[in-house]
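Q: For the record, the sequence lines run as chains A and B. Note that the working numbering has the first sequence beginning at 691, numbered continuously upward. Note that the working numbering has the second sequence beginning at 691, numbered continuously upward.
2 protein chains.
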Amino acid sequence: MFVKHGMNSQFALLGSAKHCMLASSAVLRRQQFLIRTLGGYSDQTHLKRMQQTKAMSGTALEADAENILRAITPNLDSSKHKGQAGKIAVIGGCREYTGAPYFAAISALKIGADLSHVFCTKDAASVIKSYSPELIVHPILEESYSVRDEDKPSISGKVLAEVDKWMERFDCLVVGPGLGRDPFLLDCVREILKHARQSNVPIVIDGDGLFLVTDSLGLVSGYPLAVLTPNINEYKRLVEKVLNCKVDDHDAHEQLLSLAKGIGSVTILRKGKSDLISDGETVKSVSIYGSPRRCGGQGDILSGSVAVFLSWARQHLSAAEGDLPISKINPTILGCIAGSALMRKAASLAFQNKKRSTLTSDIIECLGQSLEDICPAI
Amino acid sequence: MFVKHGMNSQFALLGSAKHCMLASSAVLRRQQFLIRTLGGYSDQTHLKRMQQTKAMSGTALEADAENILRAITPNLDSSKHKGQAGKIAVIGGCREYTGAPYFAAISALKIGADLSHVFCTKDAASVIKSYSPELIVHPILEESYSVRDEDKPSISGKVLAEVDKWMERFDCLVVGPGLGRDPFLLDCVREILKHARQSNVPIVIDGDGLFLVTDSLGLVSGYPLAVLTPNINEYKRLVEKVLNCKVDDHDAHEQLLSLAKGIGSVTILRKGKSDLISDGETVKSVSIYGSPRRCGGQGDILSGSVAVFLSWARQHLSAAEGDLPISKINPTILGCIAGSALMRKAASLAFQNKKRSTLTSDIIECLGQSLEDICPAI
Chain A
691 MFVKHGMNSQ FALLGSAKHC MLASSAVLRR QQFLIRTLGG YSDQTHLKRM QQTKAMSGTA
751 LEADAENILR AITPNLDSSK HKGQAGKIAV IGGCREYTGA PYFAAISALK IGADLSHVFC
811 TKDAASVIKS YSPELIVHPI LEESYSVRDE DKPSISGKVL AEVDKWMERF DCLVVGPGLG
871 RDPFLLDCVR EILKHARQSN VPIVIDGDGL FLVTDSLGLV SGYPLAVLTP NINEYKRLVE
931 KVLNCKVDDH DAHEQLLSLA KGIGSVTILR KGKSDLISDG ETVKSVSIYG SPRRCGGQGD
991 ILSGSVAVFL SWARQHLSAA EGDLPISKIN PTILGCIAGS ALMRKAASLA FQNKKRSTLT
1051 SDIIECLGQS LEDICPAI
Chain B
691 MFVKHGMNSQ FALLGSAKHC MLASSAVLRR QQFLIRTLGG YSDQTHLKRM QQTKAMSGTA
751 LEADAENILR AITPNLDSSK HKGQAGKIAV IGGCREYTGA PYFAAISALK IGADLSHVFC
811 TKDAASVIKS YSPELIVHPI LEESYSVRDE DKPSISGKVL AEVDKWMERF DCLVVGPGLG
871 RDPFLLDCVR EILKHARQSN VPIVIDGDGL FLVTDSLGLV SGYPLAVLTP NINEYKRLVE
931 KVLNCKVDDH DAHEQLLSLA KGIGSVTILR KGKSDLISDG ETVKSVSIYG SPRRCGGQGD
991 ILSGSVAVFL SWARQHLSAA EGDLPISKIN PTILGCIAGS ALMRKAASLA FQNKKRSTLT
1051 SDIIECLGQS LEDICPAI
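1) Mind listing which residues of the stretch 782-805 of chain B have their C-beta closer than 7 Å to chain A's C-betas, in chain order?
2) DSSP three-state call for residue 882/A: helix, strand or coil?
3) Taking only beta-carbon atoms, is residue 963/B less than 8 Å away from chain A?
4) What separation, rounded to the nearest whole angstrom, lies between the Cα atoms of residue 844/A and residue 786/A?
5) How close, in whole Å, do the beta carbons of residue 801/B and residue 995/B come, if the pair is a contact with beta carbons under 8 Å?
6) In whole angstroms, give me the CA-to-CA distance for residue 653/A and residue 1033/B.
7) If we call anything under 8 Å between Cβ atoms a contact, is residue 1057/B one with residue 894/B?
8) Check whether the stretch 921-933 of chain A touches the stretch 803-819 of chain A, counting contact only when three or more Cβ pairs, one atom from each stretch, lie closer than 8 Å.
9) Answer with yes or no whether the minimum CB distance from residue 1042/A to chain B is below 8 Å.
10) Which of the three DSSP states is assigned to residue 864/B in this structure?
11) Determine whether the beta carbon atoms of residue 873/B and residue 790/B lie at a separation below 8 Å.
12) Taking only runs of the alpha helix (DSSP H) that begin and end inside the stretch 909-997 of chain B, which ones reach a length of at least 4 residues, in chain order?
13) Count the other CB atoms, across all protein chains shown, that sit within 10 Å of the CB of residue 878/B; report buried if there are 16 or more and exposed otherwise.
14) Distance cutoff 8 Å, beta carbons only. Does residue 817/B sit that close to anything in chain A?
15) Who are the neighbours of residue 983/B on chain A, taking C-beta pairs under 9 Å?
16) Go ahead and pull the three-state DSSP assignment for residue 768/A.
17) With 8 Å set as the bound, which would you pick, yes or no: does the beta-carbon of residue 922/B sit closer than that to a beta-carbon of chain A?
18) Under the rule that 16 or more other beta-carbon atoms within 10 Å means buried, what is residue 769/A, buried or exposed?
19) Are there three or more Cβ pairs, one per stretch, closer than 8 Å when the stretch 794-808 of chain B is compared with the stretch 817-824 of chain B?
20) Check the DSSP bridge columns for residue 650/B and list the partner residues they point to.
21) Quick test of the definition: if touching needs 3 or more C-beta pairs under 8 Å, does the stretch 969-979 of chain A touch the stretch 1019-1027 of chain A?
22) Output needed in chain order: residues of the stretch 1032-1064 of chain A with a Cβ under 7 Å from some Cβ in chain B.
23) My understanding is that residue 1036/B touches residue 1053/B, with C-beta atoms under 8 Å, so please give their C-beta distance in whole angstroms.
24) Does chain A have any CB closer than 8 Å to the CB of residue 844/B?
25) Does any residue of chain B have a CB that is nearer than 8 Å to the CB of residue 884/A?
26) Would you say residue 820/A reaches chain B, if we count a Cβ-Cβ gap shorter than 8 Å as a contact?
27) Does the Cβ of residue 1024/B have 16 or more other Cβ atoms within 10 Å, making it buried, or fewer, making it exposed?
28) Rounded to whole angstroms, what is the Cα-Cα separation between residue 749/B and residue 888/B?
29) Using the C-alpha atoms, what's the distance from residue 756/A back to residue 734/A?
30) Roughly how many angstroms separate the alpha carbons of residue 778/B and residue 860/B, rounded to a whole number?
31) At a Cβ cut of 9 Å, what residues of the stretch 984-1004 of chain A count as close to chain B, listed as they run along the chain?
32) Residue 907/B and residue 891/B: beta carbons closer than 8 Å?
33) If you pair each beta-carbon of the stretch 851-859 of chain A with each one of the stretch 834-842 of chain A, do three or more pairs fall below 8 Å?
34) For residue 870/B and chain A, any beta-carbon pair shorter than 8 Å?
35) Tell whether a beta-carbon distance below 8 Å holds between residue 753/B and residue 976/B.
36) What do you get for residue 920/B, buried or exposed, if any count of 16 or more other CB atoms within 10 angstroms of its CB means buried?
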């Protein structure tokens, strides 16, 4: 995407900005970001690192993640009001799982979203609420064990009506953390996904949300605001289902490109030693930072993180309406790059302190410092 | 209010106190506060700042917030007993919301109230209790889903009887944080408001309490101990309902004055970049400190904070009975100014440490230090 659309004219447009001292640091940051992203940089060290990464992972291009993160993170401004820095909702949390939706939702707040909701089952709600008073937790989902067959249509309708009351207020949904695989619950979530799509709300899909979507690709196919964040096993199932072959690590970026194209218009963030990101048009990788610790829950932080940055990227691009170079950049790709970079930085910081003992909560506690290190608030 | 009633005689009364070394520092603090507040100060720097603020915000006058806070905060004294520093009750907390009433109630304690109660639904109670053992949580409110129509009158009666048992012990109610909008629950709260008013208990109204009151202005109209604390959207609804026009930011203080006068005798704290406060007689602004972070929950801290300072202001004025200048000052205005200043200071302190990652709980943790910085305990 970055390298396809009218790059020469974009570069010409931006080239002169590079040596120009701008009054607004925000504008300067954005210009610098674009110059780098679109290929107009001459930083030799950076170039070398990019070439090395390219050699390591085929022709995938290491994203200039920190500059992208800086470019899309909104300036803080006392005249703004509650909600303007993002309203995120997590759909997940059932009798079995309560940690995952909490991790995703609290991560969104710690990165700087103003409001973070969780829609989960009644059993999960009181537990998730008790983890933190900062979250707004809606106990509205139902699992089969608590619903009679004849009541299913009416309960499904109620669940959907409850989510619909809020839908248009959300800047992004995260669907899947701690969702479980109860058939009735997944049927309800299937409808929620359809409504989110009708309302043009971006959706980050992880965990059991990917189980649902792999089974019903039509839910996301052709929806450019859908982001899938599979881990190694979830990616394997997607590849087998869509491309009808095995995962090929020697040609990882081409296969990812084909997968995203095969599903149709969605963006995929393939988690791994390097995170690989594609929307079917281009492939980017994020290899900076990271930690060797693989405790469960890190994927939930990532999904919340991508949701916030994707919202910010859309906000940023919409504010820059009419500015051609910016408006051509896919916000889902930007959100994935920034979300991945921040998560990897926080994981690395937590690991420095806690080593083998690092838990997901330790990483969440490092999100603020990591963001501040990359993109100081003031 | 400050500048209207017999100012010359007040000033004459207090003028000599300014250069006099008083044995009691509390008395000295109060005198200094009054001298400043009533216009009898000659501090040029202060005067300049006031003029600048006046120029920025029309004719609204920046309050001398820190001196007001110092003047009304009671001295700590080992001979006092539990309850004398304030007993606050929050009416709020339902199936959906538990964080908001917790934030309001715990903030009251952290500022220095002795006891903090929460009246909420059964669903909310166990969660709010789990946030903190410091709060007294009454699981007495009911939502429509758990009540049959034929039982509503008797249940409503029981709810009211439970609150009435406590009503006269409270120095201030906070009505609204996490109340939700269930019709039956709001009907009960409507009655609670009437009883509080009959008992002459001050009421701070925020969140969904404002939704209720905007719909039934008679609940607060003509009640001088009612304080409304609307955010941008809640203020918009009030202006449209009462003044039948749009919010006019160019003449913000005049419109606020008209709104408070239009509702009748209530005090309004309009939250924003600067907080604007009016009782229909005068307008004050609080612009000191503050933070650009707009995470949800800060309004709940403010409502708890105003409740405590309003109680203290009343206590202070009642102790000074017969002292004409003091008794002419509206305690609701004093409570709003001090509550706003402390909240803004705590938010600023939390932001210094946590930057974009600042959450409402972080701000609450800074209330104590902020109060100590402005008004040392000993």
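All C-beta atoms in this analysis are idealised placements derived from N, C-alpha and C, irrespective of residue type, glycine included. Here the structure is a predicted model, which is why all the values come from computation and not from measurement.
A: For this structure:
1) 785, 786, 787, 788, 789, 792, 793
2) helix
3) yes
4) 24 Å
5) 6 Å
6) No statement about residue 653/A is possible, as the shown extent of chain A runs from 691 to 1068 and does not include it.
7) no
8) no
9) no
10) strand
11) no
12) 922-932, 942-953
13) buried
14) yes
15) 766, 775, 802, 804, 1067
16) coil
17) yes
18) exposed
19) yes
20) Past the edges of chain B, shown from 691 to 1068, lies residue 650/B, and the structure says nothing about it.
21) yes
22) 1057, 1058, 1061, 1062
23) 5 Å
24) no
25) no
26) yes
27) buried
28) With a pLDDT of only 49 at residue 749/B, under the threshold of 50, the placement of this residue in the model should not be trusted, and no figure is reported.
29) With a pLDDT of 41 at residue 734/A, under the threshold of 50, the modelled position of that residue is not reliable, and no figure is offered here.
30) 6 Å
31) none
32) no
33) no
34) no
35) yes
36) buried
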